[in-house]
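*Asks:*
In this note's numbering, the protein residues as written are 43 to 582.
1. Which residues does DSSP list as the beta-bridge partners of residue 205?
2. Express the C-alpha separation of residue 266 and residue 278 in angstroms, rounding to a whole number.
3. In chain order, what residues of the same chain have a beta carbon less than 6 Å from the beta carbon of residue 12, not counting five sequence neighbours either side?
4. Is residue 153 helix, strand or coil when you go by DSSP?
5. Residue 179 to residue 295, Cα distance in whole Å?
6. I need the DSSP call for residue 527, collapsed to helix, strand or coil.
7. Considering Cα atoms alone, identify which of 317, 221 and 502 is closest to residue 186.
8. Buried or exposed, going by whether 16 or more other CB atoms sit within 10 Å of the CB of residue 313?
9. Taking only the alpha-carbon atoms, compute the straight-line gap between residue 325 and residue 553 and give it to the nearest angstrom.
10. Return the residue from the list 106, 76 and 77 that minimises the CA-CA distance to residue 87.
11. Would residue 454 pass as a contact of residue 385 if the rule is Cβ separation under 8 Å?
12. Can you have a look at residue 537 and say buried or exposed, based on whether 16 or more other CB atoms are within 10 angstroms of its CB?
13. Can you give me the C-alpha to C-alpha distance between residue 212 and residue 560, rounded to a whole angstrom?
14. Kindly give me the distance between the Cβ atoms of residue 470 and residue 406, rounded to whole angstroms, as I take these residues to be in contact under 8 Å.
15. If we count Cβ pairs, one from each stretch, closer than 8 Å, do we get three or more for the segment 491–500 versus the segment 433–442?
16. Need the endpoints of the beta strand (DSSP E) that residue 143 sits in, please.
17. From residue 183 to residue 95, what distance separates their C-alpha atoms?
18. Along the chain, where does the beta strand (DSSP E) containing residue 371 start, and where does it finish?
19. Just the C-alpha distance for residue 232 and residue 201, rounded to the nearest angstrom, thanks.
20. Measure the alpha-carbon distance for residue 409 versus residue 388 and round it to whole angstroms.
21. If you draw a straight line from the alpha carbon of residue 444 to that of residue 431, how long is it in whole angstroms?
22. Measure from the alpha carbon of residue 252 to the alpha carbon of each residue in 239, 237 and 268, then state which is nearest.
23. Taking residue 171 as the reference, give the member of 555, 207, 137 and 121 with the closest Cα.
24. Please say whether residue 224 and residue 262 have beta carbons closer to each other than 8 Å?
25. Look up residue 548 in the DSSP assignment and say whether it is helix, strand or coil.
26. Nearest by alpha-carbon distance to residue 92: which of 149, 160, 135 and 166 is it?
27. For residue 360, name the three-state secondary structure that DSSP assigns.
28. Once DSSP output is grouped into helix, strand and coil, what is the label at residue 260?
29. Ends of the beta strand (DSSP E) at residue 286?
30. Run through DSSP, which three-state label would residue 324 get?
31. Run through the DSSP bridge pairs and tell me what residue 298 is partnered with.
32. I need the boundaries of the beta strand (DSSP E) containing residue 376, first residue and last residue.
33. Can you tell me which of the three DSSP states residue 132 falls into?
34. Once you ignore the five residues that flank residue 282 on each side, which residues in its own chain have a CB closer than 8 Å to its CB?
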């Protein structure tokens, strides 16, 4: 608590001019006790706590009880203020009157604020002394469009976007058809991407007509936010197959693969931290070392821990060359990709011998990019795990940090129907791979690859269209929010049911032990025909 004390000690002038004879003076001084005020311990307003509200929906409600050293607790003895200040506001831009939202002890305030983080203060001023006591706390304001599980649906070959918002660990709110109020035909939706970044618009909606950078405020799609405007030579129609943003300590690079199987990159922030606000995708970089043309698989891998940036000087993109069946690497310090080499070569060969890639994703807690490849001759499936690291090398007196790759895992994936599997999900902490065939979900233990996958879930009469673990990057999440990346997310459609209400989204707890039971955590229905589920993290 902040205290601006005014002490009531009154000392006579004689004391200041004291002589030796004063040692016999017993004094005649008056001491006025100071009224010390605090918010009662255990009250709902807690100093330093962070509270989360949904804009234009939730109310900030507090009724703090005062504790006074002199027993003065009546409201009439104090002036109260509740102040809310944007986290990034400059002091010279703050109007002291505009940030005050309430002047009563009890507050019942509709949080009509833009999504973001705010510093808040509850102050009580003793009218008799003008001494002020302040309780600081924080709030995070979110909205239906700022954060949540985006559920992309196809209803009659039209795009529908629903949202599941986790208000608390146990309380959720659903928002239906977020694009309904916009008079714009986006077309049939094949995909949705979200790339965590504070630069540009990271949520991409891909349809059979175009690709749109969904507006950060209202999620609308339209001619004004076509991704094509970010290309130097603007195409008439653009469809993206893959997208990823690589973060360095300062430099940020965006890579995409379009439906013509061309790779493009765009520098969002340079090495010195300069934001390239007008930068565009210029020309394809789909040549190995700028010489040999190749066809990329529709995946771009990045190291999961480097998505947030940090101290690293390099952060490569992992690509797969379908033409030559080999892993490629594109660093932020190179223009074209090159064939990937490894510090160790004891697990698998690169090239892979004609195998095609069917899935790739970052696995956050295991610090690797994991892939599933199919052998077209036998239809056998194989797991490949690749880790990215840095090391310092010295040339003369100069030290340079470089990246290198290691083979982290390799095995054949065996189990019922795996040759027909279309959806895969790697757990972010345990060495498990999940895959789905029709209505069934199987779990494969990568640490015991000789044991076939076992069936763990079945949804008779449904078709599974989404299976995933979602990594989270936002730094201010509470523990329960961050732990959601360990939940298995399953989207399915009930066969024979109308497109407008056939979709179901389920979340499952995954136990650490291989033999433990998978349990249902949450279930939501009434969605359109589910195409994809992506979590949109809050804008900073």
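Quick reminder that beta carbons are idealized off the backbone N, C-alpha and C, glycines included.
*Replies:* The answer reads as follows:
1. Position 163 of the chain shown holds residue 205. Looking at the DSSP assignment, residue 205 forms a beta bridge with 192 and 217.
2. Locating residue 278 in the chain shown gives position 236, where the first residue counts as 1. Locating residue 266 in the chain shown gives position 224, where the first residue counts as 1. Each residue's alpha carbon lies about 14 Å from the other.
3. Nothing about residue 12 can be read from this structure; the chain reaches only from 43 to 582.
4. Within the chain shown, the letter at position 111 stands for residue 153. Annotated three-state conformation of residue 153 is coil, per DSSP.
5. Here residue 179 corresponds to residue number 137 of the chain shown, with the count starting at 1. Here residue 295 corresponds to residue number 253 of the chain shown, with the count starting at 1. Between residue 179 and residue 295, the C-alpha separation is close to 36 Å.
6. Here the question's residue 527 lines up with position 485 in the chain shown. Helix at residue 527.
7. Counted from its first residue, the chain shown places residue 186 at position 144. Checking every option, the nearest Cα to that of residue 186 belongs to 221.
8. As a first step, residue 313 is located in the chain shown; it is residue number 271 there, counting from the start. Under this definition residue 313 is an exposed residue.
9. Here the question's residue 325 lines up with position 283 in the chain shown. Here the question's residue 553 lines up with position 511 in the chain shown. Rounded to the nearest angstrom, the two C-alpha atoms are 47 Å apart.
10. As a working mapping, residue 87 is identified with position 45 in the chain shown. Comparing alpha carbon positions, the residue from 106, 76 and 77 closest to residue 87 is 106.
11. On the chain shown, position 412 is the one that residue 454 refers to. On the chain shown, position 343 is the one that residue 385 refers to. Cβ distance not < 8 Å, so residue 454 and residue 385 don't count as in contact.
12. For this step, residue 537 is matched to residue 495 along the chain shown. It counts as exposed.
13. Here residue 212 corresponds to residue number 170 of the chain shown, with the count starting at 1. Here residue 560 corresponds to residue number 518 of the chain shown, with the count starting at 1. Taking the straight line joining both Cα atoms gives about 18 Å.
14. Translated into positions along the chain shown, residue 470 becomes position 428. Translated into positions along the chain shown, residue 406 becomes position 364. That belief holds up - the Cβ atoms of residue 470 and residue 406 are roughly 5 Å apart, short of 8 Å.
15. No contact exists between the segment 491–500 and the segment 433–442.
16. Stepping through the chain shown from its first residue, residue 143 is reached at position 101. Element bounds for residue 143: 142–144.
17. Position 141 of the chain shown, counted from the first residue, corresponds to residue 183. Position 53 of the chain shown, counted from the first residue, corresponds to residue 95. Each residue's Cα considered, the two are about 5 Å apart.
18. Position 329 of the chain shown holds residue 371. Note, residue 371: beta strand (DSSP E), 368–372.
19. Locating residue 232 in the chain shown gives position 190, counting from the first residue. Locating residue 201 in the chain shown gives position 159, counting from the first residue. Their Cα atoms are separated by approximately 9 Å.
20. Within the chain shown, the letter at position 367 stands for residue 409. Within the chain shown, the letter at position 346 stands for residue 388. For residue 409 and residue 388, the gap between their C-alpha atoms comes out near 19 Å.
21. As a first step, residue 444 must be located in the chain shown, where it is residue number 402. As a first step, residue 431 must be located in the chain shown, where it is residue number 389. Taking the straight line from one Cα to the other gives about 8 Å.
22. Your numbering for residue 252 matches position 210 in the chain shown. Measuring C-alpha to C-alpha distances from residue 252 to each of 239, 237 and 268 identifies 268 as the nearest.
23. Here residue 171 is taken as the residue at index 129 of the chain shown, counted from 1. Among 555, 207, 137 and 121, the Cα nearest to that of residue 171 is on 121.
24. Here residue 262 refers to the residue found at position 220 of the chain shown. Here residue 224 refers to the residue found at position 182 of the chain shown. In this structure, residue 224 lies closer than 8 Å to residue 262 by Cβ.
25. Residue mapping note: residue 548 aligns to position 506 of the chain shown, counting from 1. In this structure, DSSP gives residue 548 an extended state, which the three-state scheme calls strand.
26. Taking the first residue of the chain shown as 1, we reach residue 92 at position 50. Selected option, being the one with the closest Cα: 160.
27. Here residue 360 is taken as the residue at index 318 of the chain shown, counted from 1. Three-state DSSP puts residue 360 in a strand.
28. As a first step, residue 260 must be located in the chain shown, where it is residue number 218. In this structure, residue 260 counts as coil in the three-state DSSP scheme.
29. The residue given as residue 286 occupies position 244 in the chain shown. Note, residue 286: beta strand (DSSP E), 282–289.
30. Position 282 of the chain shown, counted from the first residue, corresponds to residue 324. In the structure shown, residue 324 sits in coil (DSSP, three-state: anything other than H, G, I, E or B).
31. In the chain shown, counting from the first residue as 1, residue 298 sits at position 256. According to DSSP, residue 298 shares a beta bridge with 285 and 306.
32. Working through the chain shown from its first residue, we reach residue 376 at position 334. First-last for residue 376: undefined, no H or E at that position.
33. Here residue 132 is taken as the residue at index 90 of the chain shown, counted from 1. Of the three classes helix, strand and coil, the one that applies to residue 132 here is coil, per DSSP.
34. Here residue 282 refers to the residue found at position 240 of the chain shown. Contacts found: 233, 235, 246, 248, 253, 269, 298, 299, 300 and 301.
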